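Note that the protein sequences, when read in sequence, are chains A and B.
Okay, so the first sequence: first residue is 1 according to UniProt numbering, each after it adds one.
Okay, so the second sequence: first residue is 1 according to UniProt numbering, each after it adds one.
Protein chains: 2
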Amino acid sequence: MINGVNAKDVAKLAGVSQSSVSRVFFGGTPVSEKTRNKVLSAAEELGYNPNEFARSLITKKTRIIGLVMKGVENPFYPQVLKEFTTAFKKLGYSILFVQTNNEEIQKEDIDMLLNYNVAGIIITDAMLSLKVTNDIKKSKIPLVLFNRKAEKNDFLSVCTNNLDASRQIANFLHQKGCSNMVYISGDRNTSTSRDREQGFIETLDKHQVEYKIYESDYSYEGGYQTAKSIVLKGEIPSAFFVANDIMAMGVLDALRKHSIEVPLATKVVGFDNIAMTNWPIYNLTTWEQPISKMVEKTVNYVMEEIDNYTGIAGNIEIEGQLIERSTT
Amino acid sequence: MINGVNAKDVAKLAGVSQSSVSRVFFGGTPVSEKTRNKVLSAAEELGYNPNEFARSLITKKTRIIGLVMKGVENPFYPQVLKEFTTAFKKLGYSILFVQTNNEEIQKEDIDMLLNYNVAGIIITDAMLSLKVTNDIKKSKIPLVLFNRKAEKNDFLSVCTNNLDASRQIANFLHQKGCSNMVYISGDRNTSTSRDREQGFIETLDKHQVEYKIYESDYSYEGGYQTAKSIVLKGEIPSAFFVANDIMAMGVLDALRKHSIEVPLATKVVGFDNIAMTNWPIYNLTTWEQPISKMVEKTVNYVMEEIDNYTGIAGNIEIEGQLIERSTT
């Protein structure tokens, strides 16, 4: 449509119906080879370039996936964005990127995605209000919550198995002989932080190990300040389990600032296995989130739902693994 | 269009022409208030929800900006993505995100953007072939190279003033008494790395200060390995100017690994002022790229060109500033 040539012009020059032109470019009942050839030569002659919008009006489908993301400051999420973009590109789909600064996704963001008639929606680190949930359900657009559990089983969620991960981390630190521990939480209204907390403390309870819980916010600064206040109170535990890597790096820097040696005086475990945890200055023991597998499951689900919408909901949990480095 | 109701249905129920319906929803010659009311009540009754695709077929314009990005591993770029998304959102525009893994943008990526009839294109850290350049010029879609200079003045480029920045950095280190220096380059086929190198060495030449140039790749690992090899050769200079922050952090970690004290034994200056440079473990002296101003200039240009395409090209350079921290 860029040059103003449309299907009607092509049909006229080819001496066929407009419906034949549509069927050649957008599918539907097949046309004869003769008709197809006529259409293609006319299209070439006129420079007809059917765009996605024309296509979508006929097929009622777009090849756009809306991706809603909050925290690009945490390197975990740019990595997730990259993997989704690459995976969907292979399937001929593009990413409409929505940045939200709110914990809860605003109705206007979802309205925009519905307005573009996106084929699917993926939300990484934000929450949906009931109103927005209903709008999406009505539109029959598949939606996946990535790295967040669905609150009411409204949608499909794809996570690593956070409960199992934090149980294994608790057992690992217990076996290392840590006798009192600290859990530094992320935003406590996120399912990821709650699950990591639950698995950790129920395992420590079982082993009768003491612990304290400090609330933080999934940011480097949050981890740094929380650890600093713990150090200043002189309450250094034998181990910290920190709800994500970027906070754990803040914890390590605060401990280093106060000359507290890791892993001798205390141990630190993070969560995510972002690339920076492997930097020699951190070399952080952490839990690897299997991003590629999580992305693959999400993409498969979205593509299946695009083909045949069922609205099926539930939680898919994928096993991760402990990456032992020098902070334990 | 989601529910299958179209402008024709609305026109029929309202008893007005289809053109009136278009003009109510998509602009053009105004309609009378009476007609407008008829159209709106019919639209409401039928649940008519004109989507962006329908809109774009009539107005021949979309409200999508294509953003092409390569290196999301460098936190500078997720920050740029966030600022562009926020700025365009305020203007009612959305971001179609394209991730390229190649130095040179592939024709298929640009074809996809043209296919979506995007209103504008922004490219952050990749290059355009001549073929692709011609396709974009022909489409009359405004394009901005962000943080890269245009090779042949084909397009508008928006950068910080890299030459001036590196001259000031050279003067600053010279005044600190550094008598031999090292420049660690980024990808040497990028304009940013070349300009930073040029400004730096021409100023050192003027002051008759010795220097060596090492080629690296804008990655943390590249900075780490380059500094490590310099240390192992025993050729530690009195200062390092490193072409971006993420590499400079690698340099700092390599120096720390070999117990070389910064800023006593050597000094380090980075470039970008990404958030991490302020982390206490790095506290890196660097050059602040004025991202917000660069984004503002880019957005203004794109919006003006959308209104009235001129295809004007050239380089806009915005002054940044030195941020002195503890590595100098």
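Note that beta-carbon positions come from the ideal geometry of N, C-alpha and C, so glycine has one too.
In this text the structure is predicted, and so the values were computed from the model without any measurement.
* So, helix, strand or coil for residue 329/B, using DSSP? -> Given a span of 1 to 328 for chain B in the structure shown, any question on residue 329/B remains unanswerable.
* Asked: Which residues in chain A sit within 8 Å of residue 359/B, going by Cβ to Cβ distance?
  -> Here chain B comprises residues numbered 1 to 328, so residue 359/B is not present and cannot be evaluated.
* Which residues DSSP lists as bridging Met-127/B, in chain order -> Along the second sequence, read from residue 1 onward, the residue named residue 127/B stands at position 127. Paired residues: Glu-104/B.
* **Short CB-CB distance (under 8 Å) between Thr-298/A and chain B** => In the first sequence, residue 298/A corresponds to position 298, counting from 1. No - not a single Cβ of chain B is within 8 Å of the one on Thr-298/A.
* To do: Quick one: list the residues of chain A neighbouring Phe-76/B, beta-carbon separation under 9 Å, in chain order.
  => To locate residue 76/B, count along the second sequence from 1; it is residue 76. Within chain A, no residue comes near Phe-76/B; the closest Cβ sits about 11 Å away, beyond 9 Å.
* Taking Cβ to Cβ, would you say Tyr-201/A is nearer than 8 Å to Ala-119/A? -> Locating residue 201/A in the first sequence gives position 201, where the first residue counts as 1. Locating residue 119/A in the first sequence gives position 119, where the first residue counts as 1. Note on residue identity: the sequence assigns Ile, not Tyr, to residue 201/A. Going by C-beta atoms, Ile-201/A is not nearer than 8 Å to Ala-119/A.
* Asked: For Arg-303/B and chain A, any beta-carbon pair shorter than 8 Å?
  -> Taking the first residue of the second sequence as position 1, residue 303/B is located at position 303. Here the sequence assigns Met to residue 303/B, which means Arg is not the residue at that position. By this cut-off, Met-303/B is not an interface position.
* Asked: What does Glu-73/B touch in chain A if you count any residue whose Cβ is under 9 Å from its own?
  -> Here residue 73/B is taken as the residue at index 73 of the second sequence, counted from 1. Residues of chain A passing the Cβ test: Pro-75, Pro-78, Gln-79, Lys-82, Ala-275.
* Thr-86/B at chain A interface by Cβ criterion, 8 Å -> For the purposes of this step, residue 86/B is taken as the residue at position 86 of the second sequence. Yes, Thr-86/B counts as interfacial toward chain A.
* Asked: Once you ignore the five residues that flank Ala-170/B on each side, which residues in its own chain have a CB closer than 6 Å to its CB?
  -> Stepping through the second sequence from its first residue, residue 170/B is reached at position 170. Closer than 6 Å at Cβ, skipping near neighbours: Phe-200, Thr-203, Leu-204.
* Report the residue from Leu-128/B, Glu-288/B, Lys-267/B whose alpha carbon sits nearest the alpha carbon of Leu-156/B. => Numbered from 1 along the second sequence, position 156 holds the residue referred to as residue 156/B. Of Leu-128/B, Glu-288/B, Lys-267/B, the residue nearest in Cα terms is Leu-128/B.
* Can you give the beta carbon distance from Gln-289/B to Gly-320/B, rounded, assuming they're within the 8 Å contact cut? -> Taking the first residue of the second sequence as 1, we reach residue 289/B at position 289. Taking the first residue of the second sequence as 1, we reach residue 320/B at position 320. Gln-289/B to Gly-320/B, Cβ: 5 Å. Contact.
* Whole-angstrom Cβ separation of Thr-266/B and Glu-324/B, contact assumed at under 8 Å? -> Position 266 of the second sequence, counting from 1, holds the residue named residue 266/B. Position 324 of the second sequence, counting from 1, holds the residue named residue 324/B. Not really, about 16 Å apart at Cβ, beyond 8 Å.
* **Check whether Gly-47/B and Asn-153/B have beta carbons under 8 Å apart** => Your numbering for residue 47/B matches position 47 in the second sequence. Your numbering for residue 153/B matches position 153 in the second sequence. No.
* Asked: Quick one: is Pro-280/B buried, meaning 16 or more other Cβ sit within 10 Å of its Cβ, or exposed?
  -> Residue numbering aside, residue 280/B sits at position 280 when the second sequence is read from its first letter. Classification for Pro-280/B: exposed.
* **Val-268/B: first and last residue of the uninterrupted alpha helix (DSSP H) it sits in** => Counting from 1 along the second sequence, the entry for residue 268/B is found at position 268. First-last for Val-268/B: 267-269, but that is the beta strand (DSSP E), not the alpha helix (DSSP H).
* Run down chain A in chain order and give the residues with a C-beta less than 8 Å from the C-beta of Leu-96/B. => Along the second sequence, one-based indexing puts residue 96/B at 96. Here the neighbours are Ile-64, Ser-94, Ile-95, Leu-96, Phe-97.
* Asked: Any idea what DSSP makes of Met-1/A, helix, strand or coil?
  -> Residue numbering aside, residue 1/A sits at position 1 when the first sequence is read from its first letter. Any reading at Met-1/A needs caution, since the residue's pLDDT is 40, under 50, leaving its predicted position unreliable; the model's value is listed next. Three-state result, Met-1/A: coil.
* Asked: How would you write the range of the alpha helix (DSSP H) that Glu-319/A sits in, first residue to last?
  -> Counting from one through the first sequence, the residue named residue 319/A turns up at place 319. Premise fails: Glu-319/A is in no alpha helix (DSSP H) and is neither H nor E.
* To do: Indicate the three-state DSSP secondary structure (helix, strand or coil) for Asn-180/A in the structure shown.
  => On the first sequence, position 180 is the one that residue 180/A refers to. The answer is strand: DSSP assigns Asn-180/A an E or B state.
* Is the distance from the Cβ of Ser-94/A to the Cβ of Leu-96/B below 8 Å? -> To locate residue 94/A, count along the first sequence from 1; it is residue 94. To locate residue 96/B, count along the second sequence from 1; it is residue 96. It is a contact, given that the beta carbons lie within the stated cut-off.
* Asked: Does the pairing of the segment 126-144 of chain A with the segment 72-79 of chain A give three or more beta-carbon distances under 8 Å?
  -> no
* **Through-space distance from Glu-215/B to Ile-306/A, alpha-carbon basis** => The residue you call residue 306/A lines up with position 306 of the first sequence. The residue you call residue 215/B lines up with position 215 of the second sequence. Answer to the nearest angstrom: the Cα atoms are 47 Å apart.
* **Within-8 Å CB hit, Lys-176/A to chain B** => Translated into the one-based positions of the first sequence, residue 176/A becomes position 176. Not closer than 8 Å to any Cβ of chain B, the Cβ of Lys-176/A fails to qualify, so no.
* Classify Ile-312/B as helix, strand or coil using the three-state DSSP reduction. => To locate residue 312/B, count along the second sequence from 1; it is residue 312. Of the three classes helix, strand and coil, the one that applies to Ile-312/B here is coil, per DSSP.
* Compute the Euclidean distance between the alpha carbons of Ile-2/B and Gly-92/A, then round it to the nearest angstrom. => By 1-based counting over the second sequence, the position of residue 2/B is 2. By 1-based counting over the first sequence, the position of residue 92/A is 92. Reliability of the predicted coordinates at Ile-2/B is poor, the pLDDT of 42 falling under 50, and the value obtained from them is presented with this limitation in mind. Rounded to the nearest angstrom, the two C-alpha atoms are 22 Å apart.
* Asked: Who are the Cβ neighbours of Ile-123/A in its own chain at under 6 Å, not counting the five residues just before and after it?
  -> Reading the first sequence from its first residue, position 123 is the one you call residue 123/A. Closer than 6 Å at Cβ, skipping near neighbours: Val-68, Leu-145.
* Quick one: grab the DSSP three-state call for Asp-154/B. => Translated into the one-based positions of the second sequence, residue 154/B becomes position 154. Coil, per DSSP.
* Answer yes if the segment 179-192 of chain A comes into contact with the segment 222-240 of chain A, meaning at least three C-beta pairs across the two stretches below 8 Å, and no otherwise. => yes
* Any chain B beta carbon closer than 8 Å to Asp-307/A -> Position 307 of the first sequence holds residue 307/A. Closer than 8 Å: no.
* Given Arg-194/B as reference, the closest of Arg-148/B, Lys-206/B, Tyr-309/B, Pro-237/B once Cα atoms are compared -> Here residue 194/B refers to the residue found at position 194 of the second sequence. The shortest Cα separation from Arg-194/B among Arg-148/B, Lys-206/B, Tyr-309/B, Pro-237/B belongs to Arg-148/B.
* Asked: Measuring CA to CA, which of Val-231/B, Thr-298/B, Phe-240/B is closest to Ser-259/B?
  -> On the second sequence, residue 259/B is found 259 positions in, with the first residue counted as 1. Closest by alpha carbon: Val-231/B.
* Look up Thr-285/B in the DSSP assignment and say whether it is helix, strand or coil. => By one-based count along the second sequence, residue 285/B stands at place 285. Of the three classes helix, strand and coil, the one that applies to Thr-285/B here is strand, per DSSP.
* **Nearest-angstrom Cβ-Cβ length linking Asp-125/B and Gly-71/B, presumed shorter than 8 Å** => What you label residue 125/B is simply residue 125 of the second sequence in a count that begins at 1. What you label residue 71/B is simply residue 71 of the second sequence in a count that begins at 1. Confirmed, about 5 Å.
* Cβ of Pro-280/A less than 8 Å from any chain B Cβ? -> Position 280 of the first sequence, counting from 1, holds the residue named residue 280/A. Interface residue, yes.
* Whole alpha helix (DSSP H) runs in the segment 215-270 of chain A with 4 or more residues, listed along the chain? -> 220-232, 245-257
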